[in-house]
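What follows is a set of notes on a single structure, which appears directly below.
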Amino acid sequence: MPIATNRGVDLYYERDGPTDADPVAFVGDAGLGAWLWGWQYRAVAGRHGAVTWDLRGTGRSSTPEGPYSVAALAADLEAVLADAGVRHAHVVGAGLGGMVALGYALAYGRARSLALFGTAAAGAELAGSGDAEDTSGDPGLSAACADPDDPEALRDSLSNLLSAEFRDEQPEVVDGVVDWRSEDDADPEACRWQAAAAADVDRRDSLHEVTVPALVVHGTADRIVPVEAGRRLADGLPRGEFAAHDGAGHLVGVERSRPVNDRLLAFLDSIGED
Numbered sequence: 068m069p070i071a072t073n074r075g076v077d078l079y080y081e082r083d084g085p086t087d088a089d090p091v092a093f094v095g096d097a098g099l100g101a102w103l104w105g106w107q108y109r110a111v112a113g114r115h116g117a118v119t120w121d122l123r124g125t126g127r128s129s130t131p132e133g134p135y136s137v138a139a140l141a142a143d144l145e146a147v148l149a150d151a152g153v154r155h156a157h158v159v160g161a162g163l164g165g166m167v168a169l170g171y172a173l174a175y176g177r178a179r180s181l182a183l184f185g186t187a188a189a190g191a192e193l194a195g196s197g198d199a200e201d202t203s204g205d206p207g208l209s210a211a212c213a214d215p216d217d218p219e220a221l222r223d224s225l226s227n228l229l230s231a232e233f234r235d236e237q238p239e240v241v242d243g244v245v246d247w248r249s250e251d252d253a254d255p256e257a258c259r260w261q262a263a264a265a266a267d268v269d270r271r272d273s274l275h276e277v278t279v280p281a282l283v284v285h286g287t288a289d290r291i292v293p294v295e296a297g298r299r300l301a302d303g304l305p306r307g308e309f310a311a312h313d314g315a316g317h318l319v320g321v322e323r324s325r326p327v328n329d330r331l332l333a334f335l336d337s338i339g340e341d
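The sequence shown begins at 68 in our numbering and counts up by one.
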């Protein structure tokens, strides 16, 4: 069981696939376990290799006392990749993980590219925040927080993560997600520490410094990170691309896994290797 350590915090990770390629390093969203990447993991692991890990406070990683910061989470990612012997990686993040990916690209030298799912450049752009178009919703990424020991709370919170259409049409997937969340998700307190880390971030004035290729993927029905925040993020990145998926919620990689994977693989193939 591989464990990396960052300043006393144990970080569980797994690496699969070829070791002679730059792998895809997945960075999860607030409160959510590595199950989140099951749909993309299978698509990329065989060709590129993949690294998944549990954020501090989640799954099999340590849960140090909060508060947490995006800078600390980026340092955790650096510790994981160093321990895994990864020289360069394509960093794929969702929500909070996308913010961590941006911070990682600014602070460290391993990122070859970024793919940012349901991500904003600033916590102030999240739903329920002062700069968001709609301030009536739940406060940012804390809308995903639920007690892993309470299946009904987990199911109810999915209304913030998945579109109503998807929940109605894919009940077996929803049931599976509830089961995975009960096994791997952060407890509500750690989830709130993670969500608060996202709320404190503002990268809007430094996006021009992120010079690696970046693919921004967003669902138009995202209730946590408004789609316009994703558009602005892509516009602000020097090598940004934007891909919108009509009607998809915050977990766009789950709801639209096939077209998202096709676009992600094409994006990765366009970059090549060192």
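Where is the CB? At the ideal position from N, CA and C, for every residue including glycine.
Bear in mind that the values here come from a model prediction, so they are computed numbers and not experimental data.
query: Report yes if the C-beta distance between Leu140 and Leu169 is below 8 Å; otherwise report no.; result: no
query: With a cut-off of 8 Å on the beta carbons, I'd call Arg154 and Arg177 a contact; round off their distance for me.; result: 7 Å
query: Based on the DSSP output, what are the partners of Glu81 in its beta bridges?; result: Thr119
query: Quick check on the DSSP output: the beta strand (DSSP E) that includes Ala253 runs from which residue to which?; result: No beta strand (DSSP E) holds Ala253; DSSP gives it neither H nor E.
query: Going by C-alpha distance, which of Val284, Ile291, Arg298 and Ala187 is nearest Arg325?; result: Val284
query: Can you name, in chain order, every residue of its own chain whose Cβ lies under 6 Å from the Cβ of His317, other than the five neighbours on each side?; result: Gly185, Leu228, Asp289 and Ile291
query: What whole-angstrom Cβ distance do Pro90 and Ala194 have, given they're in contact under 8 Å?; result: The Cβ separation is near 32 Å, so there is no contact.
query: Terminal residues of the continuous beta strand (DSSP E) containing Ser180?; result: Ala178 to Phe184
query: Rounding to the nearest angstrom, what Cα-Cα distance links Trp120 and Ala138 in this structure?; result: 17 Å
query: Assuming Val147 and Val118 form a contact by the criterion Cβ under 8 Å, report the distance between their Cβ atoms to the nearest whole angstrom.; result: 7 Å
query: Quick check: Ser180 and His157, are their CB atoms within less than 8 Å of each other?; result: yes
query: Rounded to whole angstroms, what's the CA-CA distance from Asp83 to Val277? Just pull it up for me.; result: 27 Å
query: Is Val159 helix, strand or coil when you go by DSSP?; result: strand
query: Taking the CB atoms as reference points, tell me whether Glu145 and Tyr175 lie closer together than 8 Å.; result: yes
query: Alpha carbon to alpha carbon, what distance is there between Cys212 and Pro134?; result: 16 Å
query: Classify His312 as buried or exposed, calling it buried when 16 or more other Cβ atoms lie within 10 Å of its own Cβ.; result: buried
query: Are any of the Cβ atoms in chain D nearer than 8 Å to that of Gly100?; result: Any reference to chain D falls outside this structure, which holds one protein chain only.
query: Would you say Gly152 and Val94 are within 8 Å of each other, going by their C-beta atoms?; result: no
query: Could you pull out every unbroken beta strand (DSSP E) segment of at least 3 residues lying fully inside the segment 251-325, listed in chain order?; result: 281-286 and 307-312
query: Mapping DSSP to helix, strand and coil, what is Ala211?; result: helix
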